[in-house]
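Protein chains in written order, with our numbering: chain Z, 1 to 633; chain B, 1001 to 1468. Idealized CB from N, CA, C, for every residue including glycine. In what follows, a single structure is set out as structure tokens and then discussed.
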Amino acid sequence: MYTKSLFDPTSIIALVLVLLPTTSPLSAKQTNTPSISGVSTGSNNATCINTPVNAANTIPIGPYCATITGANFGTDTAVAVGGRTAIVLSVDSLTQITIAGAGVVPWDGTAQPVVVTSGGVSSLPFFITVGTPNARVSWSAASRFLDQTTFGPTHDDIVRLQTLGFTTWLIGQFRTPQNSPYGTTDLGEYPYYPSRFFFNAASAPDQLRQRVAFALSQLFVVSADTLGTPENVAPYYNMLYSLSFSNYPTILSAVTISPAMGAYLNMAGNVKASGGPNGTIPSQNFAREVLQLFSIGPVLLDETGTPVTNNGVPVAAYSQTTIGNFARVFTGWNIVDSALISPMVPNNETHDTDITVNPKVLLSVPGGPVLPYQTTTSGDAATELGQALVNIEAHPNVAPFISKFLIQHLVTSNPSPAYVRRVATRFAQTNGDMKTVLMTILLDSEARAGDSNVDGNPSFGHLREPALWLTGLCRSLNSTVTDLSNALPNYSATLGEPMFYSPSVFNFYAPTYALPASFGLQPGLLAPEFQIQSPSEAYQRVWIAATSTLTGGLWSSTFSSPDGYVDLSPYVNLSSEPDLLVDALDAMLTHGQMPTSLKTLLLGAIQTTPPPIQQTTLAIYLLATSSYYQVIH
Amino acid sequence: MSGFPRRTFLRYTLRTITAGALSRFGAVNALATSISGDYKALVCVFLLGGNDSHNMVIPIQTTGGASGKQSFADYAAVRPASGIGLLQSQLLPITVNGDIYGLHPSLQNVSTIYASGKAAILANVGNLVQPTTPALYQAHALSSDGTLPVNLMSHSDQQTQWETATPNLLAASGWGGRVADVFAKSGLPSFPMNVSASDGSIFAFGTTTFPASIVAFDPSIALPGNYTSGLAQLLAFNNGLQMVQAANQVTQAGLNQHAVLAQAINALDIPTSQSIQTRFGNLSDPLSAQLETVAQVIAASQMLGVNRQIFFVAQGGYDTHGGESATYAGLLSTLDNALNAFFLVTQDLGIAGQVTTFTNSEFGRNLQPNGNAGTDHAWGGHHLVLGGAVNGGTMYGTFPTLQVGGPDAISADPSGAGILIPSTPIAAYGATLARWFGVSPTNGDMVTLFPTLPNFPSFNAAAGMGFV
């Protein structure tokens, strides 16, 4: 047995060695451990623009660049954040390196370790904060909510919503100052006004107001194809935009006496019958469409928006005689403003003033409540118009009909009957107050279920119509369009949605459009946006995505032209770690909820494309054209 | 519920292309494109908005109407020339078994084709559940009991019911699609039988078959191979979400159809392409563009490996509630030129007797004009059928009495007194076309296509109406 004693010469030497200063050559190997003193994002490194600037020692969700400061960073330094490899863009010095990485959604609000390794030696972990601690709602919930309330989620909008919570954010949007999206001094030919639509949708801060105005423009439709030019439509859109947060009666009234609507559906210049079988009758156009499309629909509905049937036959909500009587009410109005801004004015000389010989019997509900003004009581054009609108607004169909329409445009094509009822109830209680109805729609459990129970409802969601698909990609990829850009209006028109030029008063697509049986899916599944997604239009979407990522378009790696600009280098930086690239795209485009099986497919599809730029644009192209992204859910 | 029958959408491959079809040099005289002698095509031209056929076909001196005589004066009484009425001197006269009618002056080419015996007029066709009289209408107008079609005079509902030939809105397939279903029973074709040029119309969708789409088709674009192969993998992704599956199907269909169609059309020989281009050369309206593509697809049918095709095209703008005269003249002029160009192409290709073109519209319009010099929604309307196989130069069906509040009007009430009840149902119109196309009238298939046929015992499906 051999024991060391305090006087053993080897132990004395060891003791002496430990006590020697560290600059001694004998001690160099043991004391070059790298260390981290700080992490900061938003550096001014040329490859690091477009990273959101965060507080010290914080990284954002999504792609980022960061500068790590510390000591002993050799040229072989490797970095791991949260246990995943980060990309070293440059070793700037022994005390600073620049990295690229991605904050992945599961890390949001947590602390994650940063470890650098140099010369085979790892630093101690340095903890940073990821994303938004103390967030009121998760990243995924916020991102989904923004897909329902804006033209596409951006990083800053998501973080802001996480900080405020849904209700406060909505109230802020209700109070956001409005401007006129289409200036009255705007000049220019097509596609100037459509360009302005996309410019506002992609960049203006009053996103919810614009999104709601867009939905309303697809309900109370007018079109430049009849009115001649988008310039004649612009004041009407300004009007809808200003009334988006008001209430249904105010909107319906403004629409009814709008000169653009008067020209579009022929109420302008509508005159009473000239008399006799060989005379003329009043135009029935506005009378029919105001009922069929703008208020109650053609059949009776219950409070869930489901048609009432009689042995399987839908029960009509009005007859041809009713239409004729409304047509008589809507006589005697004329346009006085050639710019189509000031409302129409009444003229009793051309108005059908009869209330005794042939009373104008309006809407009633057989077996239901007695509606006000089921017969008009005044012969005066303006008074009767007011009475007719009150009669329409009191019909029990209005609440479920309008509620279901708004739900379809903001949330899902197939709301459950109970969801429609919940919203219709609040609509009816508040006489169609838009703020209340919007909050009810957006905060409902059915709209929010997917925040955590991803895709738990198989019939949930709706296809991104062309405008939403285009603006969503722009906003989520930080791609900017200018207000003179032809690209988005032309793309949208190719895809079946020519802004300002709805092909008829039934809009680009009808709320009642259902998938044909040959799809082999759930029978009766409503899919309005699919009405303009034929196979050839679907092919054009793929083509547009391919050319916009492949050859230097709005979603390519870098692009700058009169149409707009984009810099996707934060993603290109990640291409040597494809799983980080996919996670970063998931965070920004698919709410951080992409299933593992889809990630695997995406990784497999891009792995054989070596160069960093092509791999990145291929990944963006594939995700943009995937059905998982094309459907908002 | 089984998944979508993907067998319909496996990759299409072109048939072996015959040397004749591909000869680019030395085809001096006859067009080298060969189309099977057994080939037939139906082309539905839907006039969207409701065609005011009261100004399209006008009696001049006839034995029609309830009184056995109807003349231009009867028309002029209700549609004076001071309003939207046409003058007799403007009309293009045509004869119908000794009677004289007049076509709208814009239909110059159609009237020539009519005179040559290759165009026919169908009078007062419409959406009916059963033969309907004014008394029946009035007894059931407020009952919603299935006696009358639902939501009469509503654009969307009537378009759907014309396209599905089912009056109660319950059909989730079009009758054109159901024809394709019938033919698919004996084996799926190598390319969809039906081709639709119009967004969202259900006409071409069957219960199991799916049409090809040329709405936004552009044969000059082609996706690079590495971009389509990656996408193909993602289109297989299915996490149960119905909308995602629907989007997958549509995109997959687009990829398949584009590749095959573009290749076939780009392989058309030069004389054929030039003929089509020349006939349509100075026409730039959307209807002509659709028919030009239809002509190319027909010319390429042998390369696509199909000998039966049904096409759906549409012309918008017919909802003439105000300022009708000039608008309607323009619409019919466009229609006339487009139909003529298309008919000439079929003659050039030597297949005029194998292609039958026919109009549809969701309704005719009110006989009585409104105070905005326009007309409102009505019900029955007249239609045109053209083709080498048509027994043309005459009118089929029963011409209505042009009297507001008269024997054919739904009621005497001013709101409806100018709305005339159709006398020929869509079912008889369509069944005649389907029979020519090759659907058996005796084995029950015809009733699958047109469920209301049993309600019209005076129509004999085996004989058809006789116009083709």
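Whole angstroms are fine: how far does the CA of residue j sit from the CA of residue i?
i, j, result
"P133(Z)", "D108(Z)", "7 Å"
"T129(Z)", "V121(Z)", "24 Å"
"G1200(B)", "Q112(Z)", "51 Å"
"H395(Z)", "I632(Z)", "32 Å"
"A1204(B)", "F1183(B)", "13 Å"
"G1174(B)", "A1165(B)", "7 Å"
"L1022(B)", "G472(Z)", "Residue confidence is low: L1022(B) scores 29 on pLDDT, short of 50, so the model does not pin down where it sits. Its coordinate-derived value is still stated next. If I take the Cα positions, the gap works out to 45 Å."
"G1405(B)", "P1134(B)", "10 Å"
"T1278(B)", "L1261(B)", "21 Å"
"L601(Z)", "L1234(B)", "6 Å"
"A55(Z)", "S403(Z)", "43 Å"
"P516(Z)", "A388(Z)", "38 Å"
"I1214(B)", "P498(Z)", "17 Å"
"P277(Z)", "A1417(B)", "8 Å"
"D147(Z)", "G1049(B)", "35 Å"
"S1220(B)", "W1379(B)", "42 Å"
Considering only the alpha carbon of each residue, which of the options lies closest to residue i?
i, options, result
"V1355(B)", "G1388(B), L1367(B), G1281(B) and V1195(B)", "G1388(B)"
"G74(Z)", "P52(Z), H409(Z), P34(Z) and T625(Z)", "P34(Z)"
"I335(Z)", "V329(Z), N325(Z) and P346(Z)", "P346(Z)"
"V398(Z)", "V221(Z), Y64(Z), L463(Z) and G297(Z)", "G297(Z)"
"P63(Z)", "D586(Z), Q615(Z), R175(Z) and Y629(Z)", "D586(Z)"
"E943(B)", "I1202(B), A1180(B) and S1144(B)", "The question about residue 943(B) has no answer here: the residues shown for chain B are numbered 1001 through 1468."
"Y539(Z)", "P1422(B), N1256(B), H1377(B) and A1352(B)", "N1256(B)"
"L1152(B)", "V212(Z), T77(Z) and V315(Z)", "V315(Z)"
"P249(Z)", "Y509(Z), D76(Z) and T430(Z)", "T430(Z)"
"S295(Z)", "A317(Z), N238(Z) and A517(Z)", "A317(Z)"
"G1374(B)", "S1213(B), G1393(B), T1432(B) and S1325(B)", "S1325(B)"
"G101(Z)", "I606(Z), A584(Z) and N490(Z)", "A584(Z)"
"S342(Z)", "V454(Z), P578(Z), I257(Z) and M588(Z)", "I257(Z)"
"K599(Z)", "L622(Z), R448(Z) and W469(Z)", "L622(Z)"
"I620(Z)", "S504(Z), V542(Z), Q292(Z) and N285(Z)", "V542(Z)"
"Q522(Z)", "W469(Z), S459(Z) and S338(Z)", "S459(Z)"
"R1079(B)", "N1282(B), T1442(B) and Q1403(B)", "Q1403(B)"
"T41(Z)", "Y501(Z), A66(Z) and E537(Z)", "A66(Z)"
Given a cut-off of 8 Å, decide if residue j and residue i are closer than it, judged by their beta-carbon atoms.
i, j, result
"T482(Z)", "F199(Z)", "yes"
"T375(Z)", "V361(Z)", "yes"
"S1186(B)", "L1304(B)", "no"
"Q1070(B)", "T1334(B)", "no"
"G1117(B)", "G1397(B)", "no"
"N1194(B)", "P1167(B)", "no"
"S1301(B)", "T512(Z)", "no"
"L463(Z)", "Q630(Z)", "yes"
"F1312(B)", "K1040(B)", "no"
"N1372(B)", "H1321(B)", "yes"
"D563(Z)", "A487(Z)", "yes"
"L1349(B)", "A1299(B)", "yes"
My guess is that residue i and residue j are in contact by the Cβ rule of under 8 Å, so how many angstroms apart are they, rounded?
i, j, result
"G592(Z)", "W169(Z)", "Not quite, the Cβ-Cβ distance comes to about 19 Å (not below 8 Å), so this is no contact."
"I1426(B)", "Y1137(B)", "Wrong, their Cβ atoms sit about 17 Å apart, outside the cutoff."
"A1120(B)", "V1390(B)", "5 Å"
Report the neighbours of residue i on chain C: residues whose CB is nearer than 8 Å to its CB, in chain order.
i, result
"H633(Z)", "Although the question refers to chain C, the structure presented lacks it and instead comprises the protein chains Z and B."
Quick one: which residues of the segment 283 to 303 of chain Z get their C-beta closer than 8 Å to a C-beta of chain B? List them in chain order.
S283, Q284, N285, R288, Q292, P298 and V299
Members of the segment 1144 to 1172 of chain B that neighbour chain Z once the beta carbon cut-off is set at 8 Å:
S1144, D1145, G1146, V1150, N1151, L1152, M1153, S1154, H1155, S1156, D1157, N1168, L1169, L1170 and A1172
Any residues in the segment 1242 to 1266 of chain B with a beta carbon nearer than 7 Å to a beta carbon of chain Z? Which ones, in chain order?
Q1242, M1243, V1244, Q1245, A1246, A1247, N1248, Q1249, V1250, T1251, A1253, G1254, L1255, Q1257 and H1258
For the segment 1052 to 1078 of chain B, which residues have a beta carbon sitting closer than 9 Å to at least one beta carbon of chain Z?
A1077 and V1078
Which residues of the segment 1207 to 1223 of chain B have a Cβ closer than 8 Å to any Cβ of chain Z? Give them in chain order.
T1207, T1208, T1209, F1210, A1212, S1213, I1214, V1215, A1216, F1217, D1218, I1221 and L1223
Output needed in chain order: residues of the segment 443 to 455 of chain Z with a Cβ under 7 Å from some Cβ in chain B.
D455
Interface residues of the segment 583 to 613 of chain Z facing chain B [CB-CB below 9 Å]
P595, S597, L598, L601, L602, G604, A605, I606, T608 and T609
Short-range partners of chain B found in the segment 493 to 508 of chain Z, where Cβ spacing is below 9 Å:
T494, L495, G496, P503, S504, V505, F506 and F508
Taking beta-carbon pairs under 7 Å, can you tell me which members of the segment 350 to 376 of chain Z lie near chain B?
none
Closer than 7 Å, Cβ to Cβ, to anything on chain B: give me those residues from the segment 613 to 626 of chain Z, in chain order.
L618, Y621, L622, T625 and S626
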